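Its first residue numbered 1, the sequence shown is counted upward by one per residue in our numbering.
Cβ coordinates follow ideal geometry from the N, Cα and C atoms, glycine included.
From a predicted model like this one, the values you see are computed outputs, not experimental measurements.
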Amino acid sequence: MLAEGNITQANLTGPLAGQPFSSLIDNMTNGSTYVNVHTIQNPAGEIRGQIQVAQPSNVT
């Protein structure tokens, strides 16, 4: 693991700044959030991916 921690309302920036933490959860649930990994070689972003709600599997 390269990074770990907790996200709190104080961490919210951009359109979520000053919004309740539940706004982040709502945005994550409806697919409006993403992870962007920054590196020294690619400071604007090495890789980006949408956050999605995991779907239950029907494994038997």
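Where residue i and residue j are concerned, what is the direct C-alpha to C-alpha distance, given to the nearest angstrom?
i     : j     : result
ILE40 : GLN50 : 22 Å
THR13 : ALA54 : 25 Å
THR29 : GLN52 : 7 Å
VAL59 : SER32 : 28 Å
PRO20 : ILE7  : 12 Å
ALA61 : GLU4  : As displayed, the chain neither begins before 1 nor continues past 60, which places residue 61 out of reach and without an answer.
Leaving aside the five residues before and after residue i along the sequence, list all residues of the same chain whose C-beta is less than 8 Å from its C-beta, in chain order.
i     : result
LEU16 : SER23, LEU24 and ASN27
Identify every residue that forms a DSSP beta bridge with residue i.
i     : result
ILE62 : In the structure as shown, the chain begins at 1 and stops at 60. Residue 62 is therefore absent and cannot be evaluated.
Please state whether the Cβ-Cβ distance between residue i and residue j is less than 8 Å.
i     : j     : result
GLU46 : VAL35 : no
Can you give me the Cβ contacts of residue i inside the same chain, cut-off strictly under 6 Å, excluding the 5 residues immediately before and after it?
i     : result
ALA44 : none
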